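Participant: One structure follows; several queries about it will come next.
In my numbering, the protein residues as written are 66 to 437.
Put into structure tokens, the structure is as follows:
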């Protein structure tokens with residue numbers, strides 16, 4: 066399997082500067098959107114708080130584009146947006162949390178400041194998102210593809226994921242591609258591709274037409290973030306001013322799009338494994354458990370530190386015989402998704418090893434030069 070370094074992805078991902086976008090003008094007095102049953106009270110609260118909204122404070126373009134999530138000194142997350150959008154955003158976060166098997170808390174109180182409304186979201190957003198938003202890992206490696214797969218519970222830890230890995234998973238029995246006519250749901254993966262033999266460019270998680278969850282690069286400087294969906298389209302060269310709308314909801318590889326987005330809905334890995342009729346399943350489960358043990362240690366190093374030459378040797382010593390065994394079983398069961406998945410995970414582990422090695426070499430050079 067080809068191993069592609071994550072740094073190559075960054076060169077493609079950030080060739081497009083972020084540019085401001087403008088949504089079609091609409092009346093500021095428009096009705097608030099309908100909500101799910103669990104959040105019906107939010108509509109009334111937001112409507113009341115929006116009474117007497119000052120139209121001159123912000124342009125309609127600014128109102129349509131602003132979605133902000135901030136963490137205060139106590140660690141609490143607050144979502145801020147146009148008052149018309151906030152109830153639907155809160156409802157979508159609660160629906161996403163429910164899909165994780167987590168019970169959302171009570172509908173939060175909505176506060177109004179000028180033309181915008183805000184509400185705390187710690188109790189209604191998935192615990193994973195609450196934990197990760199705004200954070201950075203200790204080492205580089207975790208990237209957009211890993212974040213999308215992690216949020217879909219297809220992979221289980223923070224680490225590098227190769228383009229080949231997300232391509233494998235989105236075309237595996239765990240996931241299905243959505244047609245443009247299907248309603249998008251919170252937690253769906255949006256995978257952006259472009260020309261070339263290895264076309265994957267970027268991926269992020271859909272929450273609503275206003276909100277996404279993503280990590281915009283493999284480097285340690287890029288945090289995990291709840292951010293506007295339009296920002297993700299702009300990063301991926303799919304802004305509405307340069308890309309046809311059909312390219313944002315493509316199926317397969319369209320001939321008339323230079324860059325396009327495919328949408329996928331995936332089952333959690335654990336759920337699929339529990340019902341899959343994979344050959345030699347007991348043997349697979351043992352191999353999967355051993356690989357998961359290596360993965361958890363690797364993820365702990367990525368998030369907290371502890372990489373060294375000795376650690377690399379030790380982890381390679383454990384991974385190499387397991388990889389040889391898995392290659393043998395994969396050859397014996399060609400086409401089986403679960404056995405094949407182990408090899409794609411191993412390929413991504415090795416990419417993460419290389420990133421950690423590069424950082425270790427840089428650290429040693431800087432220390433020698435007195436740079437740190």
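Each residue gets a CB set at the ideal place from its N, CA and C atoms; glycine is no exception.
In this text, all values refer to a predicted model and were calculated from it rather than measured experimentally.
1. Would the stretch 257-268 count as touching the stretch 334-353 if we require 3 or more Cβ pairs under 8 Å?
2. Who are the Cβ neighbours of residue 401 in its own chain at under 8 Å, not counting the five residues just before and after it?
3. Let me know if residue 156 comes out buried or exposed under the rule of 16 or more other beta-carbons within 10 Å of its beta-carbon.
4. Is the beta carbon of residue 239 less than 7 Å from the beta carbon of residue 332?
5. Determine the burial state of residue 354: buried for a count of at least 16 other Cβ atoms within 10 Å of its Cβ, exposed for fewer.
6. Please report how far the alpha carbon of residue 416 lies from the alpha carbon of residue 228, in whole angstroms.
7. Does DSSP put residue 386 in a helix, a strand or coil?
8. Below 6 Å CB to CB, which residues in the same chain sit around residue 145 once its five sequence neighbours on both sides are set aside?
9. Helix or strand or just coil, what does DSSP make of residue 342?
10. Is the beta carbon of residue 288 less than 7 Å from the beta carbon of residue 179?
11. Measure the alpha-carbon distance for residue 219 versus residue 237 and round it to whole angstroms.
12. Please state the DSSP three-state secondary structure of residue 411.
13. I want to see whether chain D comes within less than 7 Å of residue 153, judged by CB atoms only; does it?
14. Could you name the residues of the same chain whose beta carbon sits closer than 6 Å to that of residue 251, not counting the 5 residues immediately before and after it, in chain order?
15. Answer with buried or exposed for residue 290, where buried requires no fewer than 16 other C-beta atoms within 10 angstroms of its C-beta.
16. At the level of alpha carbons, what is the spacing between residue 313 and residue 386?
17. Taking the Cβ atom as the reference point for each residue, do residue 224 and residue 139 lie within a distance shorter than 7 Å?
18. Taking the alpha carbon of residue 412 as the point to measure from, which residue in 209, 206 and 226 has its own alpha carbon closest?
19. Around the Cβ of residue 422, are there at least 16 other Cβ atoms within 10 angstroms (buried) or fewer (exposed)?
20. So for residue 240, helix, strand or coil by DSSP?
21. Are residue 254 and residue 213 touching if we call contact CB-CB under 7 Å?
22. For the stretch 292-369, which segments carrying the beta strand (DSSP E) assignment without a break, of at least 3 residues, lie completely within its bounds, in sequence order?
23. Out of 171, 211, 170 and 222, which one is the CA nearest neighbour of residue 361?
24. In the DSSP assignment, find the unbroken alpha helix (DSSP H) run with residue 233 in it and report its ends.
25. Is residue 399 buried or exposed, if buried means 16 or more other CB atoms sit within 10 Å of its CB?
26. Check each candidate in 188, 165, 166 and 202 and name the one with the smallest Cα separation from residue 172.
27. Quick check on this structure: which residue in 209, 324, 391 and 369 has the alpha carbon closest to the alpha carbon of residue 350?
28. Please determine, among 205, 166, 186 and 177, the residue with the shortest C-alpha to C-alpha distance to residue 418.
29. For residue 257, tell me which candidate among 276, 286, 320 and 210 has the shortest Cα-Cα distance.
30. Please work out which residues of its chain come closer than 6 Å, Cβ to Cβ, to residue 185, disregarding the five sequence neighbours upstream and downstream, and give them in chain order.
31. Quick check on DSSP: helix, strand or coil for residue 185?
32. From residue 234 to residue 317, what distance separates their C-alpha atoms?
33. In angstroms, rounded to a whole number, what distance separates the CA positions of residue 259 and residue 321?
Facilitator: Let me spell this out:
1. Segments in contact, no.
2. Excluding residues within five positions, the ones whose Cβ falls inside 8 Å are 343, 344 and 395.
3. Buried is the call here.
4. Yes.
5. Its Cβ having fewer than 16 others within 10 Å, residue 354 is exposed.
6. Looking at the two C-alpha atoms, the distance is approximately 11 Å.
7. Taken through DSSP and simplified to helix, strand or coil, residue 386 comes out as helix.
8. Once the five neighbours on either side are set aside, the close Cβ partners of residue 145 are 133, 181 and 183.
9. Look at residue 342 here: in three-state DSSP terms it is coil, with no helix or strand label.
10. No, these two residues do not count as a Cβ contact at 7 Å.
11. The straight-line gap from Cα to Cα measures roughly 11 Å.
12. Shown here, residue 411 sits in a helix according to DSSP, grouped into three states.
13. Going by chain labels, chain D is absent from the structure shown, which holds only one protein chain.
14. Setting aside the 5 residues that flank it on each side, residue 251 is surrounded in the same chain by 157, 160, 161 and 272, each with a C-beta closer than 6 Å to its C-beta; the list follows chain order.
15. Under this definition residue 290 is a buried residue.
16. So the alpha carbons of these two residues sit roughly 43 Å apart.
17. With contacts defined as CB atoms closer than 7 Å, residue 224 and residue 139 fail to qualify as a contacting pair.
18. The shortest C-alpha separation from residue 412 is found at 226.
19. With fewer than 16 Cβ atoms within 10 Å of its Cβ, residue 422 is classed as exposed.
20. Residue 240 carries a strand assignment under DSSP once its states are collapsed to helix, strand and coil.
21. Judged by beta-carbon spacing, residue 213 lies within the 7 Å limit of residue 254, meaning their Cβ atoms are closer than that value.
22. Every beta strand (DSSP E) stretch that sits fully inside the stretch 292-369 and reaches 3 residues is listed by chain position as 325-331.
23. Residue 222 is the option with its Cα nearest to residue 361.
24. In the DSSP annotation of this structure, the continuous segment of the alpha helix (DSSP H) that includes residue 233 starts and ends at 228-235.
25. Residue 399 counts as exposed, since fewer than 16 other beta carbons sit within 10 angstroms of its beta carbon.
26. When each option's Cα is compared against that of residue 172, the closest is 188.
27. Checked all of 209, 324, 391 and 369; the closest Cα to residue 350 is 391.
28. With distances taken between Cα atoms, residue 418 lies closest to 205.
29. Ranking 276, 286, 320 and 210 by Cα distance to residue 257 puts 210 first.
30. Hits under 6 Å: 141, 143 and 173.
31. Shown here, residue 185 sits in a strand according to DSSP, grouped into three states.
32. Using only the alpha carbons, I get a separation of about 15 Å.
33. Rounded to the nearest angstrom, the two C-alpha atoms are 11 Å apart.
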